[in-house]
Amino acid sequence: MEGGVAACERRAPLRRLTAETEPQKTNHRNRTTESDPPMNEYFTTADGAHHVRPALRTVDVGIVGGGPAGLSAALVLGRARRSTVVIDGGRPRNRRAPHLHGVLGRDGMSPAEFLERGRKEARGYGVQILDGDVIAIEQVEGGFLLRGAYDVLARRVIVATGLVDDLPAIPGLAERWGTDAVMCPYCDGWEVRDRPLGVVATSPMSRNQAQLLRQWTADLTVFGAAEAGIADAELRAFAARGIRVAPPAIEVVGGPGELRVRTSDGEHDVARLFVGARPSPSDALLTGLGCDIHETPMGQVVTTDPTGRTSVDGVWAIGNVADLKSLVPLAVAAGVQSATQINISLLEEEIAQALESTPSGKEAAA
Ligand SMILES: Cc1cc2nc3c(=O)[nH]c(=O)nc-3n(C[C@H](O)[C@H](O)[C@H](O)COP(=O)(O)OP(=O)(O)OC[C@H]3O[C@@H](n4cnc5c(N)ncnc54)[C@H](O)[C@@H]3O)c2cc1C
Numbered sequence: 004m005e006g007g008v009a010a011c012e013r014r015a016p017l018r019r020l021t022a023e024t025e026p027q028k029t030n031h032r033n034r035t036t037e038s039d040p041p042m043n044e045y046f047t048t049a050d051g052a053h054h055v056r057p058a059l060r061t062v063d064v065g066i067v068g069g070g071p072a073g074l075s076a077a078l079v080l081g082r083a084r085r086s087t088v089v090i091d092g093g094r095p096r097n098r099r100a101p102h103l104h105g106v107l108g109r110d111g112m113s114p115a116e117f118l119e120r121g122r123k124e125a126r127g128y129g130v131q132i133l134d135g136d137v138i139a140i141e142q143v144e145g146g147f148l149l150r151g152a153y154d155v156l157a158r159r160v161i162v163a164t165g166l167v168d169d170l171p172a173i174p175g176l177a178e179r180w181g182t183d184a185v186m187c188p189y190c191d192g193w194e195v196r197d198r199p200l201g202v203v204a205t206s207p208m209s210r211n212q213a214q215l216l217r218q219w220t221a222d223l224t225v226f227g228a229a230e231a232g233i234a235d236a237e238l239r240a241f242a243a244r245g246i247r248v249a250p251p252a253i254e255v256v257g258g259p260g261e262l263r264v265r266t267s268d269g270e271h272d273v274a275r276l277f278v279g280a281r282p283s284p285s286d287a288l289l290t291g292l293g294c295d296i297h298e299t300p301m302g303q304v305v306t307t308d309p310t311g312r313t314s315v316d317g318v319w320a321i322g323n324v325a326d327l328k329s330l331v332p333l334a335v336a337a338g339v340q341s342a343t344q345i346n347i348s349l350l351e352e353e354i355a356q357a358l359e360s361t362p363s364g365k366e367a368a369a
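With my numbering as the guide, the letters of the sequence shown map in order to residues 4 to 369.
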């Protein structure tokens, strides 16, 4: 699986702090990073090189994953004067797509620019953004230790690691993913409206993708519908709406916007393919912490409340890692929800601590 938890060897080379990653001067009440005593460790990577692990940072919130969900949470937390670190592996799900669509105020922007703006905005409020993978999260006294290229001790953790789209093994498909092979009619349907389109069926749920896509074109072919388990009644509904079916795709060839799908009955011209990719959430850090999971029609997913709070106290999971259907605006909204809840949970802890440190509070607690 691409992304997610990397082996120790892949942490090399370890970067030292740069101007990019240095904490900025802000008015944070809780910033402790600059004054933390160094806790450097040494380790050796597969290539035999010796590395110094940078000193442990201590923050209010550690965010794993700097996609739309993680950066949105970081922005709100930074503005709330919470010391926040984002550690990001740099493989957002839509990185191969040239444009974002359906994102109010940002329609048509490139995903890379969207994230770069988000990083800049979050940094403007003192958020530290570090490039690298978190390989494990350990529960320790006072919070969580995020282990990886950078070690971070955080009172609360947000896991916003997204998901990986597992594509069917059809030659020519993977290299077109994000451009000529896509998954979401809402994101990529408008640009190819009224053109010949194809759906690569992968499960009975591909019925939904095909019937939905029929809104964008009357010239639609579903490849491998029966083989993917789409029921006869659904095939009749395809016919009733003028949706053709064809044998499974064997290979995809052709240039941008002019694809040819090879099947056992010949070649079919389509402008774009919509694929029922299987979503595989990057949730190893969450399951490693013991977070509850549950079954959904799309597979197992970590259980959260509407704010992203998991079954493990202090751990939130947001965006595609916890909501397989989440598009960019929903991931951004989940970031806001989690950030405000985490801030409240920290606040309540601070109120309790303040009370405990006063004589009257100690009496009330006794
Ligand atoms: C081809 C395609 C086109 C799309 N087009 C659109 C569109 O037009 N409009 C729209 O709204 N949505 C679109 N989407 C959906 C969109 O990509 C997702 O909704 C969005 O990326 C979810 O954001 P996220 O923050 O949850 O995850 P992601 O954006 O995937 O970000 C997760 C981040 O976490 C990092 N990460 C993972 N594991 C670790 C780790 N262990 N340590 C550190 N970092 C880690 C990853 O490297 C990544 O940078 C598209 C998706 C695809 C596949």
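Ideal Cβ positions, reconstructed from N, Cα and C, are used throughout, including at glycine.
Remember, it's a predicted structure, so these values are computed and weren't measured experimentally.
Pick from Ala52, Asp50 and Asp63 that is closest to Val318, judged by C-alpha positions: Asp63
Buried versus exposed call for Tyr375 [16 or more other C-beta atoms within 10 Å across all chains shown]: This structure cannot settle anything about residue 375, because the visible part of the chain is limited to 4 through 369.
Using a Cβ-Cβ cutoff of less than 8 Å, which residues in the same chain neighbour Ser329 once the five nearest sequence positions on both sides are dropped? Ala72, Gly322, Asn323 and Ala337
Beta-carbon spacing of Thr306, His297 below 8 Å: Yes. Within cutoff.
Leaving aside the five residues before and after Gly111 along the sequence, list all residues of the same chain whose C-beta is less than 8 Å from its C-beta, in chain order. His102, Leu103 and His104
Alpha carbon of Asp134 to alpha carbon of Arg122, nearest angstrom: Looking at the two C-alpha atoms, the distance is approximately 12 Å.
Answer yes or no: the CB of Pro95 versus the heavy atoms of ligand 1, is any distance below 7 Å? yes
Count the C-beta pairs between the region 204-212 and the region 282-289 that are closer than 8 Å, then say yes if the count reaches three, no if not. no
If you draw a straight line from the alpha carbon of Ile66 to that of Met186, how long is it in whole angstroms? Each residue's CA atom was taken as its position, placing Ile66 and Met186 some 27 Å apart.
Helix, strand or coil: how does DSSP classify Leu148 here? strand
Does the region 219-239 come into contact with the region 192-208, if we say contact requires no fewer than three beta-carbon pairs (one atom in each stretch) closer than 8 Å? A contact exists between the region 219-239 and the region 192-208.
Consult DSSP for Ile345 and reduce its assignment to one of helix, strand or coil. Helix.
Does the structure place the region 239-248 close enough to the region 216-223 that three or more beta carbon pairs sit under 8 Å? yes
Tell me the residue span of the alpha helix (DSSP H) that contains Gly121. DSSP places Gly121 inside the alpha helix (DSSP H), whose first and last residues are Pro114 to Arg126.
DSSP three-state label for Gln142, please. In this structure, DSSP gives Gln142 an extended state, which the three-state scheme calls strand.
Classify Gln131: buried if its beta carbon has 16 or more other beta carbons within 10 angstroms, exposed otherwise. buried
Closest to Arg265 by C-alpha separation, out of Arg275, Ala252, Ala274 and Pro259, would be which residue? Ala252
Are the beta-carbon atoms of Val335 and Ser75 separated by less than 8 Å? yes
Would you list, in sequence order, the uninterrupted beta strand (DSSP E) runs of no fewer than 3 residues that lie entirely inside the region 180-239? 200-203 and 223-226
What separation, rounded to the nearest whole angstrom, lies between the Cα atoms of Leu350 and Arg158? 12 Å
Using a 10 Å radius around the Cβ and a threshold of 16 neighbouring Cβ atoms, would you call Val304 buried or exposed? buried
Return helix, strand or coil for Glu25, following the three-state DSSP convention. Because the pLDDT at Glu25 is just 34, under 50, the model does not fix this residue reliably, and the point stays unresolved.
Using C-beta distances below 6 Å, list every residue in its chain close to Ala231, excluding the 5 sequence neighbours before and after it, in chain order. Ala204, Thr205, Ser206 and Ser209
When the Cα of Gly311 is compared with those of Val155, Gly129, Pro250 and Val339, which residue comes out closest? Residue Val339 is the option with its Cα nearest to Gly311.
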